[in-house]
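For the sequence shown, UniProt numbering gives the first residue as 1, with consecutive numbering after it.
A virtual CB, placed ideally from N, CA and C, is assigned to each residue, including glycine.
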Amino acid sequence: MLKEEVDSLAPGRDFSRRGFVQTTVGSGFAAAVLPVAAQTITTDTTGLEAGSVTIPVGDFKMPAYRAQPAGKKNLPVILVASEIFGVHEHIADVCRRLAKQGYLAIAPDLFVRQGNAAAYTDIPKLIAEVVSKASDAQVNGDLDATVAWAAANGGDTTRLGITGFCWGGRTTWSYIAHNPKVTAGVAWYGPVARSYFAGDKSVVDRAASIKAPVLGLYGAADTGIPVETLTQLEAALKAAGNTKSEFVVYPDTPHAFYADYRPSYRKAAADDGWARALAWFKKNGVI
């Protein structure tokens, strides 16, 4: 069970509130996170091509949410890896926020083979039945297919970034270890000293394979990600020659501080982290 996810949700959720379970990728909110907060940010699609797409992964058809500036080609690409709750409205909104900055942003449904993450109300059951069954090998293969799709649909994958949140934050580190062609990454509060799928290595254990610059954004009050594990990863990266990666740890800040639809949201840290993320991608060539 992921304590940081449970701690970041309010008790007594009212499932009659708006935004119940998504019916298509990128729509609605996951049942486990309802009710959504009044502060929830919604980004419009003016000037964008946005919506669900299908990505071939061999014979499998994987759904994804994509947003990009309308009518533009050769766009820098950012992969968006979701939290354990899948590609719901918040993740779609992150894609639209990035598209407004000039990116082709795409969030594949990396749990779709295991089930509908958005339908679960019980987090331990969601982790046991869905999240813990999505291996790094499967996820990395799905992201490889997503990169290929982006290259064929208006993206310039020589300028390739990845960002993600919680499970997706760990996925950001993991995919960069897998794919040396990633230009840069931004990992939001992703665990680095443990894995989800039995047998997968931790991020710390794969540090020598992480060559691209990664910005890690974390909260000092995150009960599931001890700050000392970040120090351990930072030392391992530097020992392997990766001196460009950086960590920002916000004092008195919990897990999921960027998730504006949840009570864990901390506007000051979220705004600062977003500004740093955009600057990081530009500084490191994803522009």
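Item	Value
What are the start and end residues of the beta strand (DSSP E) that includes Ala105?	104-108
Is the beta carbon of Pro69 sitting closer than 8 Å to the one on Gly102?	yes
Does Ala10 pass the burial test, meaning 16 or more other C-beta atoms within 10 Å, or should it be called exposed?	Low confidence applies here, because Ala10 scores a pLDDT of 41, under 50, leaving its location unreliable; read the following figure in that light. That one is exposed.
Under a Cβ-count criterion, where at least 16 other Cβ atoms within 10 Å of its own Cβ denotes burial, should Ala212 be classed as buried or exposed?	buried
Could you please give the first and the last residue of the uninterrupted beta strand (DSSP E) stretch that includes Tyr218?	214-219
Using the Cα positions of Ala277 and Glu228, report the straight-line distance between them to the nearest angstrom.	23 Å
Could you tell me the distance, in whole angstroms, from the CA atom of Leu75 to the CA atom of Arg159?	8 Å
With DSSP as the reference, label Asp205 as helix, strand or coil.	helix
In angstroms with no decimal places, state the Cα-to-Cα distance between Ser174 and Tyr196.	12 Å
Given His90, which residues of its chain have a CB within under 6 Å of its CB, disregarding the five upstream and five downstream residues?	Tyr261
Where Lys133 and Lys283 are concerned, what is the direct C-alpha to C-alpha distance, given to the nearest angstrom?	36 Å
Just the Cα atoms here: how many angstroms apart are Asn153 and Asp252?	42 Å
Please name the residue in Ala145, Glu234, Ser202 whose C-alpha comes closest to that of Asp59.	Ala145
Just checking, does the stretch 206-220 make contact with the stretch 181-196 on the three C-beta pairs under 8 Å criterion?	yes
Taking Cβ positions, are Ile162 and Leu79 nearer each other than 8 Å?	yes
Just the Cα atoms here: how many angstroms apart are Lys72 and Leu104?	9 Å
Which residue spans inside the stretch 109-151 form an unbroken alpha helix (DSSP H) run of at least 4?	123-129
Looking at the secondary structure, which residues open and close the beta strand (DSSP E) in which Ile55 lies?	48-57
So Ile84 and Trp167 are supposed to be a Cβ contact under 8 Å. How far apart are they, rounded?	5 Å
Hey, how far is the Cα of Phe20 from the Cα of Ala150?	Reliability of the predicted coordinates at Phe20 is poor, the pLDDT of 35 falling under 50, and no value is obtained from them.
Mind reading off the beta-carbon distance from Ala92 to Ala107? Whole number of angstroms is fine, and I expect it under 8 Å.	7 Å
Over what stretch of residues does the alpha helix (DSSP H) that includes Tyr175 continue unbroken?	167-178
List the endpoints of the continuous beta strand (DSSP E) containing Leu79.	75-81
Might you give, ordered along the chain, the residues of its own chain that have their beta carbon closer than 8 Å to the beta carbon of Gly285, omitting 5 neighbours on each side?	Arg159, Thr183, Ala184
Does Gly86 come within less than 8 Å of chain C when only Cβ atoms are used?	In the structure shown, chain C cannot be found, because there is only a single protein chain.
Hey, could you find the ends of the beta strand (DSSP E) Gly273 is sitting in?	No beta strand (DSSP E) holds Gly273; the alpha helix (DSSP H) holding it covers 267-283.
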